Amino acid sequence: MVHRKISQVVDGGGGGGGNNNNNNNNGKSIGGLTAVKSSFINSNLKSNLNSSNSNTITIIISIIFWYIFSISISLYNKWMFNPNLQFSFPIIITSFHQLILFLLSGACLLASPTFRLNKKQLIKIGEGQQQGNSSCCNYPIVDNIDENMNDINLGGINGVGNNTKELESIVEDEILDLNQVPLIPTTRSYLIGFKTYMLQIFPCSLSSAADIGFGNFSFKFITLSLYTMVKSSSIVFVLLWGIVFKLEKMSGRLLSIVFIMTIGVIMMVWGQQKNDTSITNNLTNDDEQKSEIDLQNRIIAAKIFFGCLLVLFSSCMSGLRWALTQILLKKNIYTKNPILTIFYLSPSMFLTLLIVGTFIEGFQNFLNSKIWLEKGILTTIILIIIPGILAFLMTLSEFTLLQHANLLTLSISGIFKELLTITISSFIFGDRLNLINCIGLLVTLLDIFWYNYHRYEESLSSGEKKEFQYDRLDDAGDNIELRNV
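Numbering (full-length UniProt numbering), first residue to last: 1 to 485.
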């Protein structure tokens, strides 16, 4: 990327008056520019090598915080939506989480320029485009910028001539410091047309709301361990929706991944009605009649089955969200990092979940819940706010991790996080797994690793692995998990 674009400037497209000079001057100019090109590339390679240690430390710290915030959200939601707390309004409460995420993402955009619309998006939107001409600033104009920052054409560079230092400064400004070009985003820059929002943003919001809402709703019926295991089936639905929308090509390997994952999920839920303790603990010593015990067992089995269906539906919506993200948001200039994505998705998610929760759970029932009197209004509000803050912090840690880690690192980290969640849940909530469940969990996790390794091979074969990751910031938003929000 860097090599090719510097070559375009060096080999004849850069200076304004170099074409009319004599051959000797041309030779000196080309020789000097070639030296700058070589020096610039070598300095960047050395810089990348020197930063490897700090990059490793950043990855480790990001993984630790990702684990802390993600597992905390899962444990907190399981505790909060437990029927024993008498505050079982997961859909309504989750809607307020989205409102909190919207406010925090907006505050983050105001506080940090890192997450705002950058020069590339502003040029495409049209806001500030007049500020990019050479008459108003000393920076060169960017004529063409593609989605992956691979095509950067330096234009409007007047008087460069044979000044190698000036050329080096221009190259550094254009490639390494793109955010410094004085294109200022205005409030109007962030407004999306109604048609664009309904056709691109809202479908993703709807599927995300269903994913998160029904996932949290399932905590009323199943354990956190079972939720975590069944939720891992999301990959199956990612592949199936990918095939439906022609994002994936049918192959024997993909069919094998889906088949093995299905077997693993069946093994993970096998016999869970016997392991569940959250409901059977309510049985008293008076329940000695066989018919009453059988009735209780059937109720437990029905609740666990319904809870698993909710998680499967949540996983299905998670796969749909991924497919819609690839189709609708991948090329959307407004959703190029997780903060911007949350900023645009969360308002419609809030309204959707609030409306659905009002019909299913009853907003009046939510306001009349005993917890408002038992815990107090302020304490209850804090209990509602905490998961939203944790989710936002988790998003920031994931964002940092996605900038620095490769796909295999993310896969291994994610698998270990699932195991850690199940282990901690067993200690805190007393979740139990039988031998078949453990084998199914192992099969599923290995299948997940196989899937991610398949993705990694695809990225290598298609040339998507980048030596210089200048555009990693823009692509990270598509990979952020929202399932635990």
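Beta carbons are placed, not taken as given, at the ideal position from N, Cα and C, and that holds for glycine. A quick note: this is a predicted structure, and the numbers were derived from the prediction, not measured.
DSSP three-state assignment for residue i, whether helix, strand or coil
| i | result |
| --- | --- |
| Glu374 | helix |
| Ala405 | coil |
| Asn437 | helix |
| Tyr190 | helix |
| Gly414 | helix |
| residue 530 | Because the chain spans 1 through 485 in this model, residue 530 falls outside it and cannot be assessed. |
| Gln326 | helix |
| Lys336 | coil |
| Glu292 | helix |
| Ile342 | helix |
| Asn53 | helix |
| Leu393 | helix |
| Lys195 | helix |
| Glu458 | helix |
| Phe221 | coil |
| residue 499 | In the structure as shown, the chain starts at 1 and stops at 485, and residue 499 therefore has no counterpart that could be examined. |
| Arg298 | helix |
Beta carbon proximity, residue i to chain B, threshold 8 Å
| i | result |
| --- | --- |
| Ala391 | No chain B is present in this structure, which holds just one protein chain. |
Boundaries of the alpha helix (DSSP H) in which residue i is found, first to last residue
| i | result |
| --- | --- |
| Arg253 | Gly252 to Val269 |
| Ser95 | Pro90 to Ala111 |
| Gly242 | Ser234 to Val244 |
| Asp431 | Premise fails: Asp431 is in no alpha helix (DSSP H) and is neither H nor E. |
| Pro203 | Phe202 to Phe217 |
| residue 486 | The chain is shown from 1 up to 485; residue 486 falls before or after that span and cannot be answered. |
| Ser225 | Leu224 to Lys231 |
Minimum C-alpha distance to residue i - residue among the options
| i | options | result |
| --- | --- | --- |
| Arg116 | Asn452, Ile333, Leu367 and Ser461 | Ile333 |
| Ser256 | Leu239, Met268 and Val244 | Leu239 |
| Ile424 | Arg298, Ser70 and Ile386 | Ser70 |
| Leu324 | Leu309, Asn452, Lys220 and Leu199 | Leu199 |
| Leu320 | Leu206, Lys331, Ser251 and Tyr451 | Leu206 |
| Ser72 | Leu390, Thr400 and Ile448 | Leu390 |
| residue 489 | Gly264, Phe259, Gly193 and Ile385 | A question about residue 489 goes unanswered here, because the residues of the chain that appear run from 1 up to 485. |
| residue 569 | Thr400, Ser413, Tyr451 and Ile299 | The question about residue 569 has no answer, for the chain in this structure spans 1 to 485. |
| Ile412 | Asn55, Asn84 and Ile59 | Ile59 |
| Ile93 | Lys195, Gly193, Val269 and Thr352 | Thr352 |
| Pro347 | Phe102, Ile260 and Cys108 | Phe102 |
| Thr56 | Arg455, Tyr197, Ser459 and His404 | His404 |
| Leu328 | Val311, Glu458 and Phe202 | Phe202 |
| Lys303 | Cys204, Val269 and Thr380 | Val269 |
| Met349 | Leu383, Ala210, Ser291 and Asp294 | Ala210 |
| Asn437 | Ala107, Gly271, Glu458 and Phe427 | Gly271 |
Buried or exposed (CB count within 10 angstroms, at least 16 for buried), residue i
| i | result |
| --- | --- |
| Val356 | buried |
| Pro140 | Unreliable positioning characterises Pro140 in this predicted model, as indicated by a pLDDT of 35, which lies under 50. A coordinate reading is not provided. |
| Tyr344 | buried |
| Gly252 | exposed |
| Gly362 | exposed |
| Tyr453 | exposed |
| Gln98 | buried |
| Phe96 | buried |
| Ile100 | buried |
| Phe237 | buried |
beta-carbon residue i near the ligand GDP non-hydrogen atom, thresh 7 Å
| i | result |
| --- | --- |
| Gly252 | In terms of ligand content, the structure shown is empty, and the ligand GDP therefore cannot be addressed. |
For the 8 Å Cβ check, are there 3 or more pairs between the region 224-234 and the region 431-442?
In the pairwise beta carbon analysis, the region 224-234 is classified as touching the region 431-442: at least three pairs are separated by under 8 Å.
Counting Cβ pairs, one atom from each stretch, are 3 or more of them under 8 Å apart for the region 325-345 and the region 386-406?
Between the region 325-345 and the region 386-406 there are three or more inter-stretch CB-CB distances shorter than 8 Å, so the stretches are counted as touching.
Does the contact criterion of 3 or more C-beta pairs under 8 Å hold for the region 214-221 versus the region 73-93?
The region 214-221, when compared against the region 73-93, does touch it at the 8 Å Cβ threshold.
Counting Cβ pairs closer than 8 Å, one from the region 436-449 and one from the region 82-93, do we hit at least three?
Cβ pair count under 8 Å is below three, so no.
Between the region 415-424 and the region 63-70, do three or more beta carbon pairs fall short of 8 Å?
With the cut-off at 8 Å, the region 415-424 and the region 63-70 touch.
Between the region 230-239 and the region 305-321, do at least 3 Cβ pairs fall closer than 8 Å?
Segments in contact, yes.
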